[in-house]
Structure formats: C-alpha cells, structure tokens
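*Asks:* Below: one structure in structure tokens.
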Amino acid sequence: MVGQEVVSKTLKNAIVTNQISHAYLFSGPRGTGKTSAAKIFAKAINCPNQVAGEPCNHCEICQGVTNGSLEDVIELDAASNNGVDEIREIRDKSTYAPSRATYKVYIIDEVHMLTTGAFNALLKTLEEPTENVVFVLATTEIQKIPATILSRVQRFAFRAITSVDISQHLADILTQEAVTFETDAIDLIATAADGGMRDALSTLDQALSFSENGLTLDVALLVTGAISKQALAAYIMAISEEKVEEALAQLDQIFGDGKNMIRFTEDLMGHFRDMLLADQATLPVAKAQVFNWIDIATQTLQTLKQTTQEKIAADVMTMRLSESLKTADYTTAITDLQAQVADLSRKLASGEFTTMPRTEQAVTEKKVTAKSSASYFSKDFVFKALSQATNEARTAIQGAWEEVINSFDSGFGKSMLQSTSAVAASREFVVVTFESEFIAQKAVQNEELKVQFGNYMSNIVGFAPEIIALTSDDWLAIRTEYAALQKTKKTDSDAPSATDQEQDVTKKESDNPIIDQAQALFGDVVEIIAD
C-alpha cells in the first residue's frame with residue numbers, strides 16, 4: 001500500500017500474531033487505497049500461504065478475492081444499499097460459517113451513507129460479533145459515523161499520498177511496462193492527483209491511451225488541463241512589469257486553449273507559493289507583494305466557484321494583481337515615513353537635538369479640494385459636464401445600464417464596466433464611477449471601449465454620451481465641491497426686488513435651476529423645503 005506504511009505495518013503484525021479484530025474502520029480522502037487495503041487484508045487473513053502478513057496472490061483463495069468469485073468475501077456499497085433491510089440481511093447471513101475461507105469478510109464501502117436505522121442494525125451485529133466474521137468499513141467522512149459505531153471498531157486513518165510517493169509508484173509502473181516517460185510529466189500527474197493514487201493511475205492510463213510515443217510533458221498538460229510553468233511565468237512577469245494588456249493577452253491565450261479558470265487560479269497560487277520559497281534576489285517583486293497576490297487569488301478562487309462568468313472574474317483578478325503593485329509602493333512610502341517620524345521622536349526625547357525657534361512667516365492657507373491633482377480627469381471639465389446634467393438623462397441611462405454592459409462581448413471592455421455605476425448624465429456626457437483609479441484610467445484611454453459604448457447607448461437609449469470616468473471617492477468629493485460652489489453662487493447673487501419676490505412666490509419649485517441641478521446630481525434623495 002503506497003504511502004500508508006503505518007496502516008500496512010499494523011495490519012501485518014495483527015495477521016502474523018493472529019490478533020484479528022472483528023471490525024475495522026478505514027477512513028481518509030478518496031483514492032488513498034481504503035477499499036484496496038480491505039481486499040488485500042481479506043486475502044491475507046485467509047491465504048494459506050501468507051508470509052509475514054503478505055498474501056501469496058496465487059492460491060485459489062487469493063484469486064477468488066481478486067476476481068470477486070469467493071463467496072466468503074462480500075463487498076457492499078452503502079451508497080446504494082443503505083437501508084435497514086440490507087444490513088439485517090448481512091446480520092442474518094453472518095451467522096453462517098465461511099464455506100471455503102477461514103474468515104468471512106464483509107467490506108462496506110461509503111459506510112457513512114447508511115441511514116440511522118441501518119446504523120442501529122449494524123451496531124447490534126458489532127455488539128454481538130459472530131466467530132470468524134470480520135467487518136471492514138470504509139468512509140471518506142468519518143465525522144458522519146455515530147460514536148456508538150466508532151467505539152466498537154479499530155480505526156485506521158489513511159492519509160493523502162504525497163506527490164513524491166505517487167511519482168515513484170508511477171515511474172515503477174512505467175518502467176515495468178517498458179514505457180518511456182519524462183520525469184516532469186509524472187510529477188505533473190502526481191501533483192494533479194491531489195493525494196489520490198486512484199486519480200493518478202486513471203490520468204496515467206488516459207495519457208498513455210492518448211500518446212503513441214510514451215509519456216511526455218505536453219501530453220500530461222493536455223490530459224490534466226494544467227497550465228505550463230512557462231505560461232504562468234510569462235503571465236506573472238507581465239503583471240510584475242505592470243503590463244496589464246500583455247497579461248490579459250496571456251490569459252486570453254490560456255483560456256483559448258480550453259483551460260479552466262479555476263484550475264488556472266489554483267496553479268497560479270501554487271506558483272506564488274514556489275516564489276515564496278525562492279531566493280528574494282531571483283524574484284521580480286518583494287515577497288510581501290507575493291503575499292498580497294495570494295490574498296487576491298484566494299478571493300478570486302472563491303468568486304470563480306460561485307459565478308458562471310469565469311473569464312471576467314479572471315480578467316478582474318489580473319487587473320487587481322497589477323494594481324496592487326501601486327498600493328504596495330504607497331504602503332512602502334508610508335512605512336518609511338513612519339520610521340522617520342519614530343526616529344525623530346526618539347531623538348527629541350533623548351535630547352540629541354533641539355528644535356529651533358520658528359520665525360513668524362506669512363502662511364498662505366491652502367484649501368484641499370477633491371483630488372484636483374488627479375491626472376486622469378479635469379475637474380473643470382467635470383464641473384462643466386455637471387452643469388448640463390439632467391435627471392431625465394440620468395434615469396434613462398441607469399435604467400439601461402445593465403443592458404448596455406451585457407451588450408459587450410466577454411472581454412476587456414466588459415470586464416472594466418463590471419461593478420460600475422452611472423451617477424450623473426446629460427445627452428452629451430455620463431459620469432461613471434469605477435472601483436479603482438487604475439481601471440478608470442484604462443477606460444478613458446481605451447478608444448475601442450468608448451466607440452462601442454457610444455454605439456450601444458445610441459441603440460438602447462437614443463443618444464451617445466461620452467464617458468467621464470471617476471473613482472467612487474473622487475465622485476463624492478467632486479459632487480460635494482460642486483454643490484458647495486453652486487450654493488455660493490446662489491448666495492452671492494443680487495437680492496431680488498419686491499416685484500421679483502412676488503413673481504418667485506408664484507413660480508413652481510420645479511422651475512428652479514438650482515433644484516433641477518440638485519435632482520440631476522443626487523436623484524430622489526433631494527428634499528425640497530420651503531423657506
């Protein structure tokens with residue numbers, strides 16, 4: 001039994017010393033050899049020629065167990081025979097002595113699938129075991145087995161088989177069969193098996209059926225659906241150099257080759273793990289950044305398992321991975337500044353230097369406004385667009401927003417517009433909020449996106465506004481500043497005459513341009529209060 005040395009040695013010693021229990025429970029991940037071990041154990045305790053707990057595999061008993069013709073070894077699948085009647089039948093038949101073998105062996109696979117009544121019937125049998133009858137229970141979910149059953153069996157935990165053990169076993173098989181193979185190929189199959197020997201053997205058989213010239217790495221990649229290390233390295237290099245378009249092109253190539261995005265993300269996380277184990281001097285980024293990448297990939301993996309738009313989720317992950325490099329730069333700068341402040345505080349406290357009296361200077365007050373230094377939009381241009389905004393245009397665009405996004409083919413454009421909102425609009429412009437400044441910049445720079453957006457808007461709402469891309473934070477700041485500016489203009493205007501006041505009283509509130517502008521910007525949250 002490959003990779004289960006503890007279990008194997010314990011069972012062999014029990015056979016050699018003739019200390020056979022009446023019930024065993026084999027638990028562990030799928031494909032780790034639980035059922036196979038049960039059959040080998042059934043052979044060994046009944047084989048007349050066993051040596052040191054090992055069956056001979058040549059006698060009538062061993063051959064009968066192998067081909068399933070020995071009536072004294074009964075295998076039952078509890079997934080399809082999980083009722084009380086089946087277990088009662090076993091209990092009744094177990095009272096009869098074995099016909100040919102020394103022990104009558106019942107192997108019950110997936111025992112956790114039994115009903116409560118069936119477990120109770122089995123418990124009665126285990127409490128009053130019949131001589132020369134052995135039960136071997138196998139399960140992948142031991143937590144579902146009642147405690148009353150667990151207390152009456154010997155438990156053996158089968159562990160996931162290591163990739164090294166699987167690779168060695170596959171190499172031994174191929175060597176015995178005189179089949180040529182590449183070491184990287186069997187290593188890849190062993191890794192893809194995820195600790196299960198059964199999966200590894202199944203994949204190997206499939207690969208050999210596909211290939212005519214032995215087992216190669218290319219064949220293993222095709223059969224397992226894994227991503228080559230070269231493709232992953234090229235993708236990561238493009239991200240580390242902040243070449244988003246190149247990374248997305250790499251992802252398109254991988255997706256076009258039929259690779260699953262969940263598998264791609266898992267392989268990517270494995271590559272990140274390998275980067276953490278490598279020497280820092282050989283890495284394109286700091287290891288702290290690799291940890292950030294692993295967090296992003298982990299979040300994306302959870303999303304991929306819940307969405308039908310795998311490619312879009314992978315595109316967004318690509319953009320987040322690249323953008324996280326900028327965030328890391330900011331974090332490093334902040335950390336450096338904090339260290340400098342701490343050093344200065346220490347020197348002040350220890351008296352290493354004293355502060356000089358500050359001469360009075362005229363200080364020009366600087367008013368901080370909404371990210372006016374942002375390079376991807378002009379505040380004056382946004383103000384001008386907001387002055388033309390109408391509630392009707394905003395409502396029309398918001399109502400058609402999801403349809404407009406779905407009109408894009410699944411690609412870069414659609415990925416960028418996911419999780420966006422139209423917050424203000426006229427027939428000429430629409431203010432769109434994005435999750436990050438990086439994606440907003442890319443939207444402004446992507447001419448193909450703007451052309452397609454205009455065409456779709458024209459077809460759906462009847463006009464084609466130009467996109468003004470802002471982050472959500474920038475929009476909140478711009479909106480607040482613009483509202484304050486409009487209020488100031490209203491306050492600074494000349495006081496109305498008596499005649500004007502009489503006319504204003506009779507004028508409808510909806511005719512007030514300030515109210516119209518507020519409704520265009522803030523929508524239904526505006527409440528009109530009479531003076």
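In terms of UniProt numbering, the sequence shown is residues 1 to 531.
For every residue, glycine included, the Cβ atom is placed at its ideal position computed from N, Cα and C.
Source: prediction; values computed, not measured.
In the structure shown, what three-state DSSP assignment does ALA424 receive?
*Replies:* The residue labelled residue 424 in the question sits at position 424 within the sequence shown. ALA424: strand per DSSP, three-state reduction.
*Asks:* Alpha helix (DSSP H) containing TYR235: first to last residue?
*Replies:* The residue given as residue 235 occupies position 235 in the sequence shown. Segment 229 to 240, the alpha helix (DSSP H) holding TYR235.
*Asks:* Out of ALA118, ASN67, ILE61 and PHE381, point me to the one whose CA is closest to SER80's CA.
*Replies:* Numbered from 1 along the sequence shown, position 80 holds the residue referred to as residue 80. Answer by Cα proximity: ALA118.
*Asks:* If we call anything under 8 Å between Cβ atoms a contact, is VAL461 one with ALA400?
*Replies:* Taking the sequence shown and counting its residues from 1, one reaches residue 461 at position 461. Taking the sequence shown and counting its residues from 1, one reaches residue 400 at position 400. Yes, the pair counts as a contact, with Cβ atoms nearer than the cut-off.
*Asks:* If contact is defined by three or more beta carbon pairs under 8 Å, each pair taking one atom from either stretch, is the stretch 18 to 27 in contact with the stretch 127 to 142?
*Replies:* Counting Cβ pairs under 8 Å, three or more are found: they touch.
*Asks:* Counting C-beta neighbours from all protein chains within 10 Å, is the total for ARG100 16 or more, i.e. buried, or is it exposed?
*Replies:* Locating residue 100 in the sequence shown gives position 100, counting from the first residue. That one is exposed.
*Asks:* If you measure between the beta carbons of TYR106 and ILE74, is that distance less than 8 Å?
*Replies:* Within the sequence shown, the letter at position 106 stands for residue 106. Within the sequence shown, the letter at position 74 stands for residue 74. Their beta carbons are under 8 Å apart, which means TYR106 touches ILE74 by this criterion.
*Asks:* If we count the other Cβ atoms within 10 Å of its Cβ and call it buried at 16 or more, is HIS58 buried or exposed?
*Replies:* Against the sequence shown, residue 58 aligns to sequence position 58. Answer is exposed; the Cβ neighbour count stays below 16.
*Asks:* So is residue 553 buried or exposed if we call it buried at 16+ other beta carbons inside 10 Å?
*Replies:* Since the displayed the chain opens at 1 and closes at 531, residue 553 lies outside it and no answer follows.
*Asks:* List the DSSP bridge partners of TYR96.
*Replies:* Translated into positions along the sequence shown, residue 96 becomes position 96. Paired residues: none, contrary to the question.
*Asks:* Check for me: the beta strand (DSSP E) holding ARG273 runs from which residue to which?
*Replies:* For this step, residue 273 is matched to residue 273 along the sequence shown. Looking at the DSSP string, ARG273 is not in any beta strand (DSSP E); the run it does join, the alpha helix (DSSP H), is 261 to 277.
*Asks:* What do you get for VAL219, buried or exposed, if any count of 16 or more other CB atoms within 10 angstroms of its CB means buried?
*Replies:* Taking the first residue of the sequence shown as 1, we reach residue 219 at position 219. The residue in question, VAL219, is buried, as its Cβ has 16 or more Cβ neighbours within 10 Å.
*Asks:* Looking only at C-alpha atoms, which of LEU386, PHE158 and LEU123 sits nearest to VAL431?
*Replies:* As a first step, residue 431 is located in the sequence shown; it is residue number 431 there, counting from the start. That would be LEU386, whose Cα lies nearest to the Cα of VAL431.
*Asks:* Mind checking which residues open and close the beta strand (DSSP E) that includes ILE145?
*Replies:* Here residue 145 is taken as the residue at index 145 of the sequence shown, counted from 1. Neither: ILE145 is in no beta strand (DSSP E) and is coded neither H nor E.
*Asks:* Quick test of your reading: ARG198 and GLY31, contact by CB under 8 Å. State the CB separation rounded to the nearest angstrom.
*Replies:* Within the sequence shown, residue 198 is the residue found at index 198, counting from 1. Within the sequence shown, residue 31 is the residue found at index 31, counting from 1. 4 Å between Cβ atoms; contact.
*Asks:* Compute the Euclidean distance between the alpha carbons of THR10 and GLY53, then round it to the nearest angstrom.
*Replies:* Taking the sequence shown and counting its residues from 1, the one referred to as residue 10 is at position 10. Taking the sequence shown and counting its residues from 1, the one referred to as residue 53 is at position 53. Near 10 Å, if we compare the C-alpha coordinates of GLY53 and THR10.
*Asks:* Report yes or no: do three or more beta-carbon pairs, one from the stretch 223 to 242 and one from the stretch 178 to 192, lie closer than 8 Å?
*Replies:* The stretch 223 to 242, when compared against the stretch 178 to 192, does touch it at the 8 Å Cβ threshold.
*Asks:* Could you tell me which residues DSSP puts in a beta bridge with GLU466?
*Replies:* Position 466 of the sequence shown, counted from the first residue, corresponds to residue 466. DSSP lists PHE429 as partners of GLU466.
*Asks:* For MET416, which of ILE405, THR303 and LYS259 has the nearest alpha-carbon?
*Replies:* What you label residue 416 is simply residue 416 of the sequence shown in a count that begins at 1. Nearest C-alpha to MET416: ILE405.
*Asks:* Check ALA138 in the structure and name its three-state DSSP category.
*Replies:* As a working mapping, residue 138 is identified with position 138 in the sequence shown. Residue state, collapsed to three classes: strand.
*Asks:* Over the uninterrupted beta strand (DSSP E) stretch that includes SER27, give me the two end residues.
*Replies:* To locate residue 27, count along the sequence shown from 1; it is residue 27. 23 to 27 is the span of the beta strand (DSSP E), which, as asked, contains SER27.
*Asks:* Leaving out the 5 sequence neighbours to the left and right, which residues in its chain are closer than 6 Å to THR130 when beta-carbon positions are compared?
*Replies:* One-based indexing of the sequence shown puts residue 130 at position 130. SER94 and THR95, listed in sequence order.
*Asks:* Near ILE439, which residues of its chain fall below 7 Å by C-beta distance, leaving aside the five closest residues on each side in sequence?
*Replies:* Along the sequence shown, one-based indexing puts residue 439 at 439. Result list for ILE439: MET319 and MET416, in chain order.
*Asks:* Would ASP77 and GLU110 be called neighbours here (beta carbons separated by less than 8 Å)?
*Replies:* What you label residue 77 is simply residue 77 of the sequence shown in a count that begins at 1. What you label residue 110 is simply residue 110 of the sequence shown in a count that begins at 1. It is a contact, given that the beta carbons lie within the stated cut-off.
*Asks:* Can you list, in chain order, the residues of its chain whose CB lies under 6 Å from that of ALA464, leaving out five sequence neighbours each side?
*Replies:* Here residue 464 corresponds to residue number 464 of the sequence shown, with the count starting at 1. Same-chain partners within the cutoff: GLY454, MET457 and SER458.
*Asks:* In the DSSP assignment, what residue or residues form a beta bridge with THR471?
*Replies:* For this step, residue 471 is matched to residue 471 along the sequence shown. Beta-bridge pairing links THR471 to PHE434.
*Asks:* Tell me whether the stretch 207 to 215 and the stretch 231 to 247 touch, counting them as touching only if at least three CB pairs, one residue from each stretch, are closer than 8 Å.
*Replies:* With the cut-off at 8 Å, the stretch 207 to 215 and the stretch 231 to 247 do not touch.
*Asks:* Pop quiz: THR298 and ALA313 are said to be a contact at Cβ under 8 Å. What is the actual Cβ separation, rounded to whole angstroms?
*Replies:* Within the sequence shown, the letter at position 298 stands for residue 298. Within the sequence shown, the letter at position 313 stands for residue 313. So it is not a contact: roughly 13 Å between Cβ atoms.
*Asks:* For GLU54, list the residues DSSP reports as bridge partners.
*Replies:* In the sequence shown, counting from the first residue as 1, residue 54 sits at position 54. BP columns for GLU54 point to VAL51.
*Asks:* Measuring alpha carbon to alpha carbon, tell me which residue in GLN176, LEU204 and ASN82 is nearest ALA185.
*Replies:* For this step, residue 185 is matched to residue 185 along the sequence shown. Closest option to ALA185, Cα to Cα, is LEU204.
*Asks:* Which whole-angstrom value is the C-beta distance of ALA424 and ALA443, which I expect to be below 8 Å?
*Replies:* On the sequence shown, position 424 is the one that residue 424 refers to. On the sequence shown, position 443 is the one that residue 443 refers to. Not a contact, Cβ separation roughly 16 Å.
*Asks:* Can you give me the C-alpha to C-alpha distance between SER151 and LEU123, rounded to a whole angstrom?
*Replies:* Numbered from its first residue, the sequence shown carries residue 151 at position 151. Numbered from its first residue, the sequence shown carries residue 123 at position 123. The alpha-carbon atoms of SER151 and LEU123 are separated by roughly 10 Å.
*Asks:* Taking the beta strand (DSSP E) that GLN63 belongs to, which residues open and close that run?
*Replies:* Taking the sequence shown and counting its residues from 1, one reaches residue 63 at position 63. From DSSP, GLN63 is part of no beta strand (DSSP E) but of the alpha helix (DSSP H) over 60 to 67.
*Asks:* What is the residue span of the alpha helix (DSSP H) that ARG198 lies within?
*Replies:* The residue labelled residue 198 in the question sits at position 198 within the sequence shown. Per DSSP, ARG198 belongs to the alpha helix (DSSP H) from 197 to 210.
*Asks:* I'd like to check one pair, ALA121 with VAL179: are the Cβ atoms closer than 8 Å?
*Replies:* Residue mapping note: residue 179 aligns to position 179 of the sequence shown, counting from 1. Residue mapping note: residue 121 aligns to position 121 of the sequence shown, counting from 1. In this structure, ALA121 does not lie closer than 8 Å to VAL179 by Cβ.
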